[in-house]
């Protein structure tokens, strides 16, 4: 009898506990996953994820672009919006519309004006217009400060890069912009447009000055025909190219790349160097910033006018054009440089490349070395082979501290400083 009563008590307690637990559960709403939180939209900028022609991708009500990760993937949470802008208008079903707000639903589906659309169908009727404009400010020695970007609305100009350009000598001193890990995800294989002058160079045809025949004739007038023939015979790429200062691939989107093709963002650069060690510096810096996961300021520019020996052995400075008084215009730079600054740690480094495939070893030492080389600290640039960093043909390169470099190059803003080496 005692055992029976004990079992009855235990059974009653268990039943009461079960009912109590059920009451507790049923008092709350049943658990359902929040699909809006779990879902995201992705835009793969190198896998046909972007419309063509592409609009600008903007964080709404800001001056900030939407950027991908280092793998070229843009990820947007469900119910989050992005702003899209076309200079002309969007294609059907949104004609006569310059701005759209797209809300992420899931995957590649976006809600636009009440319609579900696949993102890569939200194309513009033409390429987005870019602008290079003077700001009214001055930079080094009275040079003109200009900004390049996109004019989306009054008082809403999206800047991609800033340029210090000497309009008298027709020489750009430096270009300034930001570089982040997102730059590693830049859009590959986007068609390259032709360079344009914009509202600079007095409307002259600068493109024609880079024509191979024309540049050889210009240099022959400086150095003599025999000397020029010798210089151009050393390699198939021994000619002066339109050398980007802000590299085309230092932009993420194709629409932004197009904005880098102003002649004020280019200087004459020997193609052996342009496609050689200087390209390795540009790609190496992108890799370094992505691998370190840091944001850096970039100042890239030129220093000095390249002087080479004429047919009599006398050094002569090179230019692509001359004014009516015989003064040289569009000088061929002696050196290209790229300053990389990491402000949070106050570290920086300067990469310097010699724009002279015709130099001798003595020229490198006596004419092209302007600061103490610290290249022994940098092992993350893959230089051209077989000679590598010290190849004169491919662009002899070295590195310096920012402080040391500034002793020789004085045309930079005063805030371009670093107390220690970034490596």
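In mature numbering (1 follows the signal peptide of the UniProt record, and there is no 0), the protein residues as written are -18 to -1, 1 to 405. Glycine included, every Cβ here is placed at the ideal spot set by N, Cα and C.
Query, Result
"Residue 11 - DSSP class collapsed to helix/strand/coil", "Note that residue 11 scores 37 on pLDDT, short of 50, meaning its location in the model is unreliable and no value can be drawn from it."
"Chain-order list of residues whose beta-carbon lies under 8 Å from that of residue 4 (same chain, five-residue window excluded)", "The predicted model places residue 4 with a pLDDT of 34, which falls under 50 and marks its position as unreliable, so this point remains unresolved."
"Minimum C-alpha distance to residue 62 - residue among 391, 79, 89 and 45", "89"
"Simplified DSSP state of residue 330, which is helix, strand or coil", "strand"
"Counterpart residues of residue 68 in DSSP-defined beta bridges", "DSSP, once it has assigned bridges, lists no residue as partnering residue 68."
"Assumed close pair residue 400, residue 323 - CB separation to whole angstroms, cut-off 8 Å", "6 Å"
"Minimum length 4: unbroken alpha helix (DSSP H) runs contained in the stretch 191 to 219", "194 to 205 and 207 to 214"
"Nearest-angstrom beta carbon gap, residue 255 and residue 339 [assumed within contact, 8 Å]", "6 Å"
"Secondary structure, beta strand (DSSP E): runs of 3+ residues fully inside the stretch 129 to 204", "138 to 148 and 153 to 161"
"Strand pairing of residue 250, partner residues [DSSP]", "224"
"For residue 270 and residue 86, the rounded distance between their alpha carbons", "32 Å"
"Spatial distance of residue 365 from residue 253 (CA atoms)", "16 Å"
"Coil, strand or helix - residue 303 by DSSP", "strand"
"Distance, residue 43 Cα to residue 234 Cα", "21 Å"
"Beta-carbon proximity list for residue 412, same chain, < 8 Å, skipping 5 on both sides", "The requested residue 412 is not part of the displayed model; the chain covers only -18 to 405."
"Which of helix, strand or coil DSSP assigns to residue 91", "strand"
"Cβ-Cβ distance between residue 356 and residue 383 below 8 Å", "yes"
"From 258, 321 and 304, residue whose alpha carbon lies closest to that of residue 374", "258"
"Cβ neighbour criterion (16 or more within 10 Å) applied to residue 341", "buried"
"Contact set for residue 98: own chain, Cβ-Cβ below 8 Å, skip 5 residues either direction", "87, 91 and 92"
"Cβ distance (whole Å) where residue 37 is taken to contact residue 106 below 8 Å", "5 Å"
"Exposure of residue 388, with buried meaning 16 or more beta-carbon neighbours within 10 Å", "buried"
"Beta-carbon contacts of residue 292 that lie in its chain and below 8 Å, excluding the five residues immediately before and after", "204, 205, 206, 209 and 298"
"DSSP three-state assignment for residue 236, whether helix, strand or coil", "helix"
"Beta-carbon spacing of residue 283, residue 251 below 8 Å", "no"
"Reduced DSSP category for residue 322 - H, G, I as helix; E, B as strand; rest coil", "strand"
"Beta carbon of residue 140 nearer than 8 Å to that of residue 72", "no"
"Residue 238 to residue 186 span [Cα, whole Å]", "25 Å"
"Separation of residue 350 from residue 336, as counted between CA atoms", "7 Å"
"Residue of 376, 277, 45 and 23 minimising C-alpha distance to residue 216", "376"
"For residue 63: DSSP bridge partner residues", "85"
"CA-to-CA distance, residue 303 to residue 59, given in whole angstroms", "54 Å"
"Pick from 219, 191, 386 and 343 that is closest to residue 301, judged by C-alpha positions", "191"
"Reduced DSSP category for residue 229 - H, G, I as helix; E, B as strand; rest coil", "coil"
"Where residue -17 falls, given that 16 or more other Cβ within 10 Å makes a residue buried", "With a pLDDT of 39 at residue -17, under the threshold of 50, the modelled position of this residue cannot be trusted, and the question is left open."
"Residue 26 - DSSP class collapsed to helix/strand/coil", "strand"
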